[in-house]
Amino acid sequence: MNEEFGRWSESRWTSREIDWKRAKQITAGVDVGTTSTQAAIICDGALFGSASIHTGYDFKMAASQAMEQALGDSDMKIQDIQYIVATGWGSQNVPFAQKTVDEVHCHAWGARFMFGPDVRTVVDLGAQTCKAIRVYSWDRVRDFMINDKCATGMGRDIELMANLLEIPIQEMGERSLEVEKDPEPVSTTCSAFADTEAIGLFREGYSENQVLAAYLFAVAWRIYGMVGRVRPEKELAFTGGLAKNVGIVKRLEREMGITPLISQYDPMLAGAIGAALIGRDIMAEI
Amino acid sequence: MITAGIDVGLENLKIVILKDGEIIAAGSAPSGGGKRGKRVAELWEALLKEAKLSRGDVNKIIATGQGKTDVGFASDKVVEAVADAHGARFLYPSATSVVDIGADQTRVVTLGEGTRVLEVVLNQKCAAGMGLFLTRMAGRLDMTLDELSGINADGNTGLRVNDTCRVFAELDALGWLNRNASREEVARAVIEMVAVRINAILNDKIKPAINSTVLFGGVSRNSALVSALRRRSGINFLISDRAEYGCALGAAVLAAE
Amino acid sequence: MVKQKWETRPLEVWNKAKELRAKWQKSIVTASSEKVLLAQGNVNWAVGFPALRVIEDNPVGAMMANRNDAFSRKCRLAGEIEGWGREICGYQLNCWGAMYLGHLEDGSPFPMRDMVIPFPDPCDQHTKRGQAPMDYSPIPRWQANFPLYTGPRDPEREKAMIEDKVQCTLQMIEDIERIYGQKFDDEKFIEAMKLSRKIHAYAREVSLFMRNIPSPLSVKDLYSFYTIGGLTKLDPEETLDLWKSLRDEVEWRVKNCIAAVGTERYRWMETHPPPWHFLRYYRYMEKYGAVCIGSQYSHMMAGAFEFTEDGTWAPRDMFGSFEDKPIRTREDAIRAMIGEDARGHNFKVDEVIRPYAVCEFARAYKVDGAILPLWRCGVGCTVTRKEQGLRLSQIGVRVLHYEGSQPGDRTDLDENRLLDMLDTWMESQGLRKLED
Numbered sequence: 000m001n002e003e004f005g006r007w008s009e010s011r012w013t014s015r016e017i018d019w020k021r022a023k024q025i026t027a028g029v030d031v032g033t034t035s036t037q038a039a040i041i042c043d044g045a046l047f048g049s050a051s052i053h054t055g056y057d058f059k060m061a062a063s064q065a066m067e068q069a070l071g072d073s074d075m076k077i078q079d080i081q082y083i084v085a086t087g088w089g090s091q092n093v094p095f096a097q098k099t100v101d102e103v104h105c106h107a108w109g110a111r112f113m114f115g116p117d118v119r120t121v122v123d124l125g126a127q128t129c130k131a132i133r134v135y136s137w138d139r140v141r142d143f144m145i146n147d148k149c150a151t152g153m154g155r156d157i158e159l160m161a162n163l164l165e166i167p168i169q170e171m172g173e174r175s176l177e178v179e180k181d182p183e184p185v186s187t188t189c190s191a192f193a194d195t196e197a198i199g200l201f202r203e204g205y206s207e208n209q210v211l212a213a214y215l216f217a218v219a220w221r222i223y224g225m226v227g228r229v230r231p232e233k234e235l236a237f238t239g240g241l242a243k244n245v246g247i248v249k250r251l252e253r254e255m256g257i258t259p260l261i262s263q264y265d266p267m268l269a270g271a272i273g274a275a276l277i278g279r280d281i282m283a284e285i
Numbered sequence: 000m001i002t003a004g005i006d007v008g009l010e011n012l013k014i015v016i017l018k019d020g021e022i023i024a025a026g027s028a029p030s031g032g033g034k035r036g037k038r039v040a041e042l043w044e045a046l047l048k049e050a051k052l053s054r055g056d057v058n059k060i061i062a063t064g065q066g067k068t069d070v071g072f073a074s075d076k077v078v079e080a081v082a083d084a085h086g087a088r089f090l091y092p093s094a095t096s097v098v099d100i101g102a103d104q105t106r107v108v109t110l111g112e113g114t115r116v117l118e119v120v121l122n123q124k125c126a127a128g129m130g131l132f133l134t135r136m137a138g139r140l141d142m143t144l145d146e147l148s149g150i151n152a153d154g155n156t157g158l159r160v161n162d163t164c165r166v167f168a169e170l171d172a173l174g175w176l177n178r179n180a181s182r183e184e185v186a187r188a189v190i191e192m193v194a195v196r197i198n199a200i201l202n203d204k205i206k207p208a209i210n211s212t213v214l215f216g217g218v219s220r221n222s223a224l225v226s227a228l229r230r231r232s233g234i235n236f237l238i239s240d241r242a243e244y245g246c247a248l249g250a251a252v253l254a255a256e
Numbered sequence: 000m001v002k003q004k005w006e007t008r009p010l011e012v013w014n015k016a017k018e019l020r021a022k023w024q025k026s027i028v029t030a031s032s033e034k035v036l037l038a039q040g041n042v043n044w045a046v047g048f049p050a051l052r053v054i055e056d057n058p059v060g061a062m063m064a065n066r067n068d069a070f071s072r073k074c075r076l077a078g079e080i081e082g083w084g085r086e087i088c089g090y091q092l093n094c095w096g097a098m099y100l101g102h103l104e105d106g107s108p109f110p111m112r113d114m115v116i117p118f119p120d121p122c123d124q125h126t127k128r129g130q131a132p133m134d135y136s137p138i139p140r141w142q143a144n145f146p147l148y149t150g151p152r153d154p155e156r157e158k159a160m161i162e163d164k165v166q167c168t169l170q171m172i173e174d175i176e177r178i179y180g181q182k183f184d185d186e187k188f189i190e191a192m193k194l195s196r197k198i199h200a201y202a203r204e205v206s207l208f209m210r211n212i213p214s215p216l217s218v219k220d221l222y223s224f225y226t227i228g229g230l231t232k233l234d235p236e237e238t239l240d241l242w243k244s245l246r247d248e249v250e251w252r253v254k255n256c257i258a259a260v261g262t263e264r265y266r267w268m269e270t271h272p273p274p275w276h277f278l279r280y281y282r283y284m285e286k287y288g289a290v291c292i293g294s295q296y297s298h299m300m301a302g303a304f305e306f307t308e309d310g311t312w313a314p315r316d317m318f319g320s321f322e323d324k325p326i327r328t329r330e331d332a333i334r335a336m337i338g339e340d341a342r343g344h345n346f347k348v349d350e351v352i353r354p355y356a357v358c359e360f361a362r363a364y365k366v367d368g369a370i371l372p373l374w375r376c377g378v379g380c381t382v383t384r385k386e387q388g389l390r391l392s393q394i395g396v397r398v399l400h401y402e403g404s405q406p407g408d409r410t411d412l413d414e415n416r417l418l419d420m421l422d423t424w425m426e427s428q429g430l431r432k433l434e435d
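Residue numbers (numbering that gives the first Met the number 0), protein chains in the order written: chain A, 0 to 285; chain B, 0 to 256; chain C, 0 to 435.
In structure tokens:
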């Protein structure tokens, strides 16, 4: 199996405009997930650097590498960062962080930064878990839902599907929308059922796009079931890697009847950005 | 007489060309999902060339595997269990069972007289994807399948992962990495998980005999898994160096009958 | 054109069954406008109340799933959003989801229940069925016990169980009379029980006829009938007439060697129907010349099974058994009703606590194979299913297991995988398709 198809692109960016030496407050956040790790550096409330990489098997190394890549070829060093907050599934593997904060708050804060203060519902679509967060305002979480264990690993299963179908992961979403009508979804119970059932559809004469549609519809349906539990309201924002999958996003939009906000930032950065912002507030209190 | 068997699996295609009871060509390629019809044709052409044959030289082609209906140029189809029976008999005339472990499916076929099948046990959806799981985990641990295969699966380790479902198993494996377990330890746990799951299928209905059970399928190339499975089931599997092609071979053998 | 071994022809009595079912469906919809109380559940004695109708979430839930996947899925999602787990019985989730949405498939308002009288059954989901309507609005619930015990038959214990159920039932009827001011019509109930016995007798004969090779009916034919008797408490006479017609027609078919499947060369049984939207799998198996003669479940109108005097496994003959006492009073009728269920091997009870019933059925009905589904969302059906498979395998019956959610829920049925498994099952037994 050619695993290149499911290999989503890493990214990194460091600002050339901001003169970090003049900044009063420099904080950073590191979000270590099962499949992707992100780092974000905030200088006086502006994004200075960010990175998103594959976690691999060594979580500590992933955290360091993400941090290094966010620093980029600027001359900022890790010692110049005043406060670092770790979050995410693997947050205990960030030895250079001063504090760990839960993903829910980090995503909520990050979403506010990325999408604006009117965000009331944040839906994080990750490789391992999907979460729905409802907020009163950006610092008060009202309600929170996470997927059942039985619907775990949806993001990772999409990588597998890309490899089996030999369709690049970044093309799957768009292609799934190029169908006249959405076919019936495949199993929504478990991603392991969904992928083999989807491939079985070729036997019924389904095209690749239709198979993608049936599969992503199932993923979206599963997510919707979970999100529905928090009774989502506008404004809504999607974060996480699957937020880049337009096949999932458009179907969620359709089912929920809510158009999500768009951001100029990479949706995968929400946790890390939020962590960095929370770092600012913690520093202010110290 | 020249025949061929084409096994279109979920992950990989396998083709065997048989001439007068001898395998003269065998090859595999990724199936590629919806592209498998094309893939089969490409692999077929490549093998014909390798065997210095033209299409017309082949008397009969039988297709098997999940995607058997996508082999338009095959003259007939056969279910995998029956193909396995023929393949096992061909390689080991006194075999009594054949266990075929692939990317998606696991089968236990109990043989009767000749190529008669007495019983077939199939994995349920909930125990599917063992081969896929091993491939994914290898990638995740930054190991090749050969490296994964070289793990000492019989060393003592306290690390276990969920053995019901590959999705939970993967989650547990990542959890261990998060807690800084070594790659080798996690690999061992993963292999043990697969051995447990398959052993459960082996124990459903008719338990295969200890010294006359053949092992087919891509997963048979993973020595660590075979070792763990041998330990758990007590079965000394008969493993040919063509094991991966066992089902395709069986289809070719059937075509020659 | 495939060569037929035997003549076949469709059942004539089928249309009559369709009519009765449509009538029942209409009566449920009009219940609220007719000022009739609607009870969630299923009990035979409801027929004694002039303005009370019973309805389960099943078959409404099943029919919904069969016809309209998109609506059924929306219903299940509505249920999930309210907090129901996905592994709740699909029948329930379909039905209660529609309640949360407020309407049925066709847009008509959801018929709200006025009370809950659950069908007593060892299925855990049946017991749960009353919860949703009760959470939704304050309605009362009456419940009879359903005691089970494992181990060898104990007549003393069974006597006590029957007594308990009789007393519970008498109490429930009195409560409803008092609370709702409806007078219970003992005569009507007594007549209905007398007729019920006759229905069982006809159903029993039909069941026994299916032992014939070739089988005059396939289980698919039975599905038009097997719940009738339960459904049409409206008109027991019509129901009796229907079963008599069916019995007569099946008897004629057996005499004239008319088969359900003209190419019958393999007989198989199940323990439970497949997901209702996938009934075509019977047709698929017929391509192999394989006829499904059903299960104790689909023969349920024949009543409880047991060993007959000649040692074969058969539905109990009510007439001439200890149950055959005169029914003169309300209590007599209740005893007759309960006695029909107790003492004997109901498909559910026996599968749960004494899995040998499936083997006896297999032997009596001369089956070659058995397809036993594993339902993720139908725990009450799936418990001991693997053990049943093992026991059947031990007596030489070939077994196939496949997974799904539950008959009213399409979610987990991987159709292509199942068809592949059927092909493997048949071909590995030396049978190739007779037609494409």
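From the three backbone atoms N, C-alpha and C, an ideal C-beta is built for every residue, glycine too.
In this text the structure is predicted, and so the values were computed from the model without any measurement.
Proximity test, Cβ basis, 8 Å: residue i and chain A
i              : result
T381 (chain C) : no
I198 (chain C) : no
E157 (chain C) : no
Nearest residue (CA-CA) to residue i, options the options
i              : options                           : result
P259 (chain A) : A:D156, A:I41 and A:V121          : A:V121
I205 (chain B) : C:D247, C:E263, C:I138 and C:R390 : C:R390
I222 (chain A) : A:A197, A:G246 and A:E234         : A:G246
A1 (chain A)   : B:L131, B:R88 and B:V116          : Sequence check: residue 1 (chain A) is Asn here, not Ala. Ranking B:L131, B:R88 and B:V116 by Cα distance to N1 (chain A) puts B:L131 first.
C167 (chain C) : C:Y201, C:G129 and C:P119         : C:P119
R384 (chain C) : C:Q393, C:R196, C:H400 and C:W5   : C:H400
E256 (chain B) : B:D19, B:T109, B:I14 and B:L224   : B:D19
S206 (chain C) : C:D174, C:D247 and C:P235         : C:D247
L211 (chain A) : A:G199, A:D181, A:R141 and A:S175 : A:S175
G239 (chain A) : A:M60, A:E177, A:L268 and A:K249  : A:L268
A131 (chain C) : C:V115, C:R431 and C:N67          : C:V115
Residue burial classification, residue i (beta-carbon count within 10 angstroms, cutoff 16)
i              : result
R135 (chain B) : buried
G150 (chain C) : exposed
N11 (chain B)  : buried
H102 (chain C) : exposed
M75 (chain A)  : buried
V1 (chain C)   : exposed
Short CB-CB distance (under 8 Å) between residue i and chain B
i              : result
F58 (chain A)  : yes
R221 (chain A) : no
E476 (chain C) : Nothing about residue 476 (chain C) can be read from this structure; chain C reaches only from 0 to 435.
Anticipated Cβ contact below 8 Å, residue i with residue j, distance rounded
i              : j              : result
C246 (chain B) : A191 (chain A) : 22 Å between Cβ atoms; not a contact.
V252 (chain B) : G86 (chain B)  : 6 Å
R508 (chain C) : P273 (chain C) : Nothing in the structure corresponds to residue 508 (chain C), since chain C is present only between 0 and 435.
A50 (chain A)  : Q68 (chain A)  : 4 Å
Residue i: contacting residues in chain F (beta-carbon distance under 8 Å)
i             : result
L76 (chain C) : Going by chain labels, chain F is absent from the structure shown, which instead holds the protein chains A, B and C.
Any C-beta of chain C under 8 Å from that of residue i
i              : result
G5 (chain A)   : no
K204 (chain B) : yes
E79 (chain B)  : yes
Is there contact here, the segment 249–258 of chain C with the segment 181–195 of chain C, by at least three beta-carbon pairs under 8 Å? no
Okay, do the segment 74–84 of chain C and the segment 40–57 of chain C touch, 3+ Cβ pairs below 8 Å being the bar? no
Would the segment 262–269 of chain A count as touching the segment 163–170 of chain A if we require 3 or more Cβ pairs under 8 Å? no
Quick check: the segment 231–243 of chain B against the segment 71–85 of chain B, are there 3 or more CB pairs under 8 Å? no
Within the chosen definition, does the segment 211–220 of chain B reach the segment 202–219 of chain C through at least 3 CB pairs nearer than 8 Å? no
Can you confirm whether the segment 87–96 of chain A touches the segment 177–186 of chain B when touching is taken to mean that 3 or more C-beta pairs between the two stretches lie within less than 8 Å? yes
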